[in-house]
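Under the working numbering, the residue at position 223 of the sequence shown is numbered 223, and the numbers go up by one with no gaps. All residues carry an ideal CB built from backbone N, CA and C; glycine is no exception. Each remark here refers to the structure printed beneath this line.
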Amino acid sequence: MSTSESNRRGVGRARAGANFALVKYWGKADARLNVPAVGSISITLDRLFTETTVELVPEARSDELTLNGVRRDEDVAKISACLDLLRRKAGVDTRARVGSRNNFPTGAGLASSASGFAALVRAGEAALGLELPPRERSIVARQGSGSAARSIFGGFVEMHAGSAADGNDSFAEPLLEGADWPLEVVIAVTAKGEKEIGSRSGMTRSATSSPYYEAWVREQPPDLAAARAAIRARDFAPLAELAEHNCLKMHAAALAARPPLVYWNGATVECLHAVRRLRAGGVPVFFTIDAGPQLKAVCAPGARAAVELALRGVPGVLELLTSALGPGAELC
Ligand code: 2P0
């Protein structure tokens with residue numbers, strides 16, 4: 001089916017890649033508008049993606065969601081709130097049937113909400129006959145899931161926390177095309193299945209009970225500036241040091257929450273040491289870890305094979321997924 005056929009009147013179909021942050025988003029300034037407390041910088045991937053179809057159903061009284069072939073009534077409120085923003089812009093009130101499929105594990109710390117909401121917004125727009133400017137698209141996606149604002153764009157992306165009361169300066173924008181610095185990612189999957197504590201409640205718990213949360217928020221601007229500069233200069237070594245520091249700082253804030261948020265398992269820690277050993281031995285690679293036990297090893301061009309070999313040998317690694325950098329959310 002061609003793009004125009006699959007996005008005929010009342011139907012939109014889109015694909016968006018997952019993204020991983022090198023400078024993390026953790027905490028909210030405004031929970032209602034889903035405005036982050038800190039800016040973040042990420043890379044969008046091509047190998048891990050969500051494909052979503054939104055079909056307007058004039059006779060339906062509520063939205064309906066099927067994820068990976070299974071009805072997800074418990075998640076309808078979240079997608080309806082996001083579709084409502086688009087419906088308001090289009091001046092349409094019709095409910096929709098949403099079918100979404102991830103080609104990677106859902107809710108396991110692999111950014112499925114990022115690719116999921118980015119694909120939903122892109123497909124929802126097409127179904128409603130809208131074509132939003134990318135910044136506005138990013139603002140809508142943010143209200144579905146903060147990290148989704150970044151998956152609207154490809155390559156290296158920066159999300160601005162913003163300071164406006166209406167959240168309209170809280171959006172992502174591209175920093176550098178992936179083709180201009182073709183890093184690769186090796187993901188060590190160390191557990192399958194959905195995580196126990198989602199990012200949203202983990203962030204709230206960190207903000208309300210971790211003594212390190214304030215320091216985390218305060219220290220983010222210099223990390224963003226350093227990462228931005230390293231990416232613009234395509235300078236791997238400072239980006240590696242900074243990204244690992246920022247990741248561990250986020251986890252330090254989470255670990256010190258009450259009750260604690262321990263997203264890692266033993267294999268996660270073993271992978272972390274393996275990556276540090278590789279870099280000490282001259283392989284240009286660094287790790288990052290999100291709200292789950294998977295370790296993401298970010299490789300400079302040419303380093304991937306050595307990284308795969310090392311991580312495959314770590315006990316507890318169930319599977320490796322490899323990805324290049326990919327494009328932003330697009331119709332398909
Ligand atoms: C990130 N994470 O920057 C950070 C690092 C997880 C750890 O963005 O509440 O699913 O939907 O805005 O976007 C995951 O948070 O949270 C996330 P909501 P989201 O990638």
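Tell me which residues share the same chain as L321 and place their Cβ nearer than 6 Å to its Cβ, disregarding the 5 neighbours each side in the sequence. Only I187 meet the Cβ criterion.
To which residues of the same chain is P211 closer than 8 Å at the C-beta, ignoring the five residues directly before and after it? If you ignore the 5 residues before and after P211, its C-beta comes within less than 8 Å of the C-beta of A256, all in its own chain and listed in chain order.
Would you report the Cα separation of N102 and A18, rounded to the nearest angstrom? Rounded to whole angstroms, N102 to A18 spans 10 Å at the Cα level.
When every heavy atom of the ligand 2P0 is checked, does at least one fall within less than 7 Å of the C-beta of G146? Checking the Cβ of G146 against the ligand 2P0 gives yes.
Quick check on the burial criterion: 16 or more other C-beta atoms within 10 angstroms. Buried or exposed for D350? Any property of residue 350 remains undetermined from this structure, which presents the chain solely from 1 to 332.
Should S201 go down as buried or exposed, given a rule of 16 or more other Cβ atoms within 10 Å for buried? Classification for S201: exposed.
With C-beta atoms as the reference, is A96 less than 8 Å away from D75? Against a cut-off of 8 Å, the Cβ pair of D75 and A96 comes out as no contact.
Should V70 be labelled buried (16 or more other beta-carbon atoms within 10 Å of its own) or exposed? With fewer than 16 other Cβ atoms within 10 Å, it is exposed.
Continuous alpha helix (DSSP H) assignments of at least 4 residues falling wholly in the stretch 210-238: Listed in chain order, they are 213-218 and 220-233.
In whole angstroms, give me the CA-to-CA distance for K28 and Q220. Rounded to whole angstroms, K28 to Q220 spans 13 Å at the Cα level.
Shortest alpha-carbon distance to V98 belongs to which of P105, H160, F104 and V121? Among P105, H160, F104 and V121, the Cα nearest to that of V98 belongs to V121.
Using 8 Å as the threshold, is the stretch 225-243 in touch with the stretch 256-273, meaning 3 or more CB pairs across them? Three or more beta-carbon pairs separated by less than 8 Å are not found between the stretch 225-243 and the stretch 256-273, which leaves the two stretches without contact.
At a cut-off of 7 Å, is R68 close to the ligand 2P0 when judged by its beta-carbon and the heavy atoms of the ligand? At residue 68 the sequence reads Asn, which differs from the Arg that was named. No.
Coarse secondary structure for I79, derived from DSSP in three states: The answer is helix: DSSP assigns I79 an H, G or I state.
In or out: R9 buried (at least 16 other Cβ within 10 Å) or exposed? Classification of R9: exposed, given that the 10 Å Cβ count is below 16.
If you reduce the DSSP assignment to three classes, tell me which class A188 lands in. Reduced to three states, the DSSP call for A188 is strand.
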